[in-house]
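First to last, the sequence lines map onto chains A and B. Read in order, the letters of the first sequence correspond to residues 575 to 898 in the working numbering. Read in order, the letters of the second sequence correspond to residues 575 to 898 in the working numbering. Built from N, CA and C at the ideal position, the CB exists for glycine as well. These notes concern the structure reproduced below.
Protein chains: 2
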Amino acid sequence: MKNFEDIQEIIKNSINNLDFNLEPRLLYEPIEYILSIGGKRLRPSLVLMACNLFTKNIENAIYPAMATEVFHNFTLLHDDIMDKSDMRRNKMTVHKKWNENIAILSGDAMFITSMQLALKTEEKYLKSVLDIFTKTALEVCEGQQYDMDFETKNDVSEKEYLKMIILKTAVLIAFSLKLGGIIGGASKKDLENLYNLGINIGISFQLQDDFLDVYGDVKVFGKKIGNDIVSNKKTYLLIKSLELADYNKKIEIIKLLSEENFDNNEKIEKITNIYNSLEIKELTQKKIKYYFKNGISFLKNINVSENKKTELMKILKKLINRNY
Amino acid sequence: MKNFEDIQEIIKNSINNLDFNLEPRLLYEPIEYILSIGGKRLRPSLVLMACNLFTKNIENAIYPAMATEVFHNFTLLHDDIMDKSDMRRNKMTVHKKWNENIAILSGDAMFITSMQLALKTEEKYLKSVLDIFTKTALEVCEGQQYDMDFETKNDVSEKEYLKMIILKTAVLIAFSLKLGGIIGGASKKDLENLYNLGINIGISFQLQDDFLDVYGDVKVFGKKIGNDIVSNKKTYLLIKSLELADYNKKIEIIKLLSEENFDNNEKIEKITNIYNSLEIKELTQKKIKYYFKNGISFLKNINVSENKKTELMKILKKLINRNY
């Protein structure tokens, strides 16, 4: 079994080997840039580790793994325009460093590139991989649209929120695991296990992201605390507060959301106090663990020896405990 | 042989049968909208007519033909954001009717949909069709980037301009013809003929578009005359004028391009007068005919009986003579 460091090394080299030294420069430079500023490379790691559960030879999974990473970065590129985010991974976003038109177009080119990488899948799996890949890609768009719909909606239910993050985040993680399984020759039953593992872990990760925006350690998290609060983002914490608050507290929250010229730190403090009073912290931690454990139960069901699962288990645990 | 009206009817029904009655509505409504406001459906027509050269049964080409139409409309959607165009086919553009975020995201979803339609290609042709489709899609992005690069460049050469319109316009027309040929079972030689027909006809059409912006009949053309002049678009006519003008006239053109608060009609008149004095009208007409004839020579080389080519020839001639 390859360990996580081996896998990361393979991915790093494979990304470096992608050739974007092409003309016109203003189309390809932003692609090089966003791929070079890193990130956890979670999705391609999952492809390769899932493949490695079933076969030693993960060579055939490398290009498909690159496809998930390039696709993911394409969604970040377009999402950053839509969310008007100026920074990503402590660097300027593409639309800020260049401009919006360049971000739109190089994003388009990235998505096409991700399809080209997926097209290097072994021919016997090609059709099914592309069917699931395009289905997943469309779901990610749906998730992003729901997320935008929620901006002007103060009565988002937990169910609606879960549906949104499943589409926006979890399906791509689930697809990555399943993709690795397909190329590794997993059984239909195990492909389902991998997919369900991904959905649950994906939900868990997103809930944790929401959680860390309020309760994370800024030094570990790498993002400013309270970003989501300032931008009125409909996180799990906010949605749950709106659901659990009594009439007066609900009015207070909505007032905080609608005020235009608020001092950011004051707003963060006030909303955090409301979360604390409603025990949102504990509630969210419970949910994170619930979905994580749920996911792991699907990993346990996968029909390969337990020792082969150790590395994947280790990395999933590391990711979920990373900051609290 | 199916005639052009039969082909148009098939395309109309097939587009109507595409199901975008899906949630979230703000993702799928703009797709329905842009596909419903028509256009010439040139690309899917070319797919089906090219296929029909080699086989009576064009059924298998219908979904791939839809893929070219959906892809083309995706590029229009994103190009309209980048060009800040408010109107398209006498209707509001998507980013104007909704907003930019919705136009970016539903454009992304359209591109994914076009890939899904292409995935319905018969399995034996699937890999090669998708390889050429994604290559073409990337070239179209490159063309759009060159077009944007030209906005701030006053020394675009004819060669650079031709390269740009080949990428932005001609390769998709060439791909459409070749795609029909592949599905119809054409020989490698005839696939090349189809592709070269498409490149030349595509150049010819784009030159004609440039030409009609200045010399077209507004009632037939359906667009306001002089749009390209007002927006300083680097058309063939402008590029050629900058190349052929003497020093003083060149200064005059550049001055007209750089003035901010110009009366539009006056600007159109002045630029048109310069074109006339440099015989740009005749020169452009000559070029349009040159590439058109060049294209037709590749059609003549295709190894099927002449009577099978009649319908395709007729429609190409109709398109090129449509307004002058």
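Close-in-space but distant-in-sequence residues of the same chain around residue i (CB under 6 Å, 5 per side omitted)
| i | result |
| --- | --- |
| K888/A | none |
| Y720/B | M738 |
| N774/B | Y865, N868 and G869 |
| I605/B | F594, S680 and M684 |
| N591/B | none |
| F724/B | V730 and K808 |
| F628/B | G758, G759 and A760 |
Cutoff 8 Å; reference residue i; Cβ partners in own chain excluding five residues on either side
| i | result |
| --- | --- |
| I827/B | L812, S815, L816, A819, I845 and I848 |
| F785/B | Y810, L811, K855, T858, Q859, I862 and Y898 |
| S761/B | N877 |
Outcome for residue i when other beta-carbon atoms lying within 10 angstroms are tallied against a minimum of 16
| i | result |
| --- | --- |
| S619/A | buried |
| K874/A | exposed |
| D654/B | buried |
| K759/A | In the sequence as presented, Lys is not what sits at residue 759/A; that position holds Gly. So G759/A ends up on the exposed side. |
| Y810/B | buried |
| M661/A | exposed |
| T884/A | exposed |
| V621/A | buried |
| I686/A | buried |
Distance between residue j and residue i (C-alpha atoms, nearest Å)
| i | j | result |
| --- | --- | --- |
| K829/A | E674/B | 28 Å |
| N897/B | G800/B | Caution applies to N897/B, whose pLDDT of 44 falls short of 50 and renders its modelled position unreliable; the value that the coordinates give is listed next. Approximately 15 Å, taken between the alpha carbons. |
| F645/A | Y789/B | 44 Å |
| N766/A | Y637/B | Per the sequence shown, the amino acid found at residue 766/A is Glu instead of Asn. Roughly 30 Å between the two C-alpha positions. |
| I894/B | E579/B | 18 Å |
| S731/B | C625/B | 36 Å |
| E843/A | E856/A | 18 Å |
| V668/B | H652/A | 17 Å |
| N634/B | V703/A | 22 Å |
| M722/A | M575/B | 49 Å |
| D705/A | L712/A | 11 Å |
| L741/A | Y735/A | 10 Å |
| M666/B | K727/B | 30 Å |
| S805/B | A677/B | 22 Å |
| M640/B | K733/B | 32 Å |
| K836/B | K658/B | It is worth fixing the name first, because residue 836/B is Phe in this sequence and not Lys. When rounded, the distance between both Cα atoms is 19 Å. |
| M623/A | L691/A | 18 Å |
| K630/B | I825/B | 58 Å |
| E834/A | Y821/B | 56 Å |
| L563/A | S832/A | As shown, chain A starts at 575 and ends at 898. That puts residue 563/A outside it, with no answer to give. |
| K882/A | I632/A | 14 Å |
| N838/B | K793/B | 19 Å |
| G755/B | N577/B | 17 Å |
Chain-ordered chain A contacts of residue i [CB-CB under 7 Å]
| i | result |
| --- | --- |
| I678/B | H652, I655, M656 and I678 |
| T667/B | The premise fails here: T667/B is roughly 14 Å from chain A at the closest Cβ pair, so nothing lies under 7 Å. |
| T708/B | I686, M689, Q690 and L693 |
| D660/B | Neighbours of D660/B on chain A: none; closest Cβ ~16 Å, over 7 Å. |
| L601/B | C715, E716 and Q719 |
Per-residue contacts from residue i into chain A (C-beta, under 9 Å)
| i | result |
| --- | --- |
| T743/B | The contacting residues do not exist; T743/B stays about 16 Å from chain A at best. |
| M887/B | Within 9 Å Cβ-Cβ: nothing; M887/B doesn't reach chain A, min ~33 Å. |
| Q859/B | Residues of chain A passing the Cβ test: none, with the nearest at roughly 30 Å. |
Sequence-distant residues of the same chain with beta carbon closer than 7 Å to residue i, five excluded per side
| i | result |
| --- | --- |
| L601/B | L679, S680 and A683 |
| K807/A | none |
| R615/B | Q582, I585 and E643 |
| T649/A | V714 |
| K529/B | Here chain B has residues from 575 to 898 only, and residue 529/B is not among them. |
Contact list for residue i against chain B, beta-carbon separation under 8 Å
| i | result |
| --- | --- |
| P598/A | E716, Q719, Y720 and D723 |
| E697/A | K701 |
Selected residue, minimal CA-CA separation from residue i, among the options
| i | options | result |
| --- | --- | --- |
| I585/A | P598/A, F594/A, N595/A and L609/A | L609/A |
| L693/B | F685/A, T687/A and K709/A | K709/A |
| N664/B | I589/B, G612/B, K763/B and K742/B | G612/B |
| I747/A | D729/A, I777/A and F724/A | I777/A |
| K701/A | M666/A, L753/A, A677/A and K742/A | L753/A |
| D764/B | N839/B, F724/B, N728/B and S879/B | S879/B |
| S688/B | I589/B, K841/B and D802/B | I589/B |
| L781/B | Y821/B, A744/B and L768/B | A744/B |
| F749/B | N770/B, S761/B and L596/B | N770/B |
| N850/B | D729/B, K823/B and I876/B | K823/B |
| R599/B | G772/A, K793/A, G717/A and Y821/A | G717/A |
| F872/B | K670/B, F707/B, G772/B and Y699/B | G772/B |
| Y557/B | M656/B, N587/B, F628/B and W672/B | With chain B represented from 575 up to 898, any question about residue 557/B goes unanswered, as that position is not in the structure. |
| K891/B | E834/B, F779/B, L751/B and F707/B | F779/B |
Partners in chain A for residue i, counting only beta-carbon separations shorter than 8 Å
| i | result |
| --- | --- |
| N675/B | I655, M656 and M722 |
| L700/B | L700 and K701 |
Per-residue contacts from residue i into chain B (C-beta, under 7 Å)
| i | result |
| --- | --- |
| A683/A | L712 and C715 |
| D705/A | L693 |
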